[in-house]
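Visitor:
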Amino acid sequence: MKKVFRILALASVVVFASCNSDTSLQQYFVDHQNDNEFIAVDIPSSLLDKDGIELSKDEKEALESIKKVNFLALPLKEGTKARFEKESADIAKILNTDKYETLMKFGSNGTNAVLKYQGEDNDIDEVIVFATDQKKGLALVRVLGDNMRPEKMVKLMKSVEKGNIDMEAFRKIGETIDID
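FYI, in this note's numbering the residues of the sequence shown are 51 to 230.
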């Protein structure tokens, strides 16, 4: 009888341990995609103009490894400051788990961004860009792909940041929420 109780106790521990109440990043996207205060866009890789832009070999490999991009933004408007703060904290809590590794952080003048990833060092499953701006709001980008490499994704992100890569789909999204 003791053996039965031990097995039941062990099974209960396993069940309770697997029932994690923390929200995943994917669940966060699902929960907010139909929220009227958020802008949500899913971009398949077929919409990324890979041929119409000049890329280095590493940048091209990074771009070709992308399969899908999920974009979620909360524009800062009158009366949404508290929501902006809450959502920023919720996203930061998700991203600050051991599940995600930080590639780089950057920011200035009230704008902060972090680039994180999930997966193995040489085979990234997803890259996450989380940016907040105290005047414009927040943006969360989830890049899903195959065989994405951190060093190549960093080069690609730096080219995008410097304006060397004009990606029409993202520019239109930026115009929608008034991002420079």
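Note that the Cβ used here is the ideal one computed from N, Cα and C, for glycine as well.
Among 158, 126 and 146, which residue has its Cα nearest to the Cα of residue 75?
Guide: Checked all of 158, 126 and 146; the closest Cα to residue 75 is 146.
Visitor: What residues match up with residue 163 in a beta bridge as DSSP calls it?
Guide: In the DSSP output, where bridge partners are listed per residue, residue 163 has 156 and 181.
Visitor: What residues in its chain sit with their C-beta under 7 angstroms from that of residue 206, if we drop five residues either side in the sequence?
Guide: For residue 206, where only same-chain residues beyond five positions count, the Cβ hits under 7 angstroms are 109, 112 and 113.
Visitor: If distances are taken between C-alpha atoms only, which option among 202, 116 and 154 comes closest to residue 96?
Guide: Looking at the Cα atoms, 116 is the closest of the given residues.
Visitor: Output yes or no for whether 9 angstroms exceeds the beta carbon distance between residue 178 and residue 125.
Guide: The answer is no: Cβ separation not under 9 angstroms.
Visitor: By the three-class DSSP mapping on this structure, what secondary structure does residue 151 have?
Guide: If DSSP states are grouped into helix, strand and coil, residue 151 belongs with the strands.
Visitor: With distances taken from CA atoms, which of 134, 118 and 160 is nearest residue 87?
Guide: Of 134, 118 and 160, the residue nearest in Cα terms is 134.
Visitor: Using only the alpha-carbon positions, how far apart do residue 71 and residue 208 sit?
Guide: Reliability fails at residue 71, whose pLDDT of 47 lies under 50, so the model's placement of it is uncertain and the value that follows must be treated cautiously. Approximately 35 angstroms between the Cα atoms of the pair.
Visitor: Residues in the same chain with beta-carbon distance under 7 angstroms from residue 200, minus the five sequence neighbours each way, listed in chain order, please.
Guide: Contacts found: 153, 167, 171 and 174.
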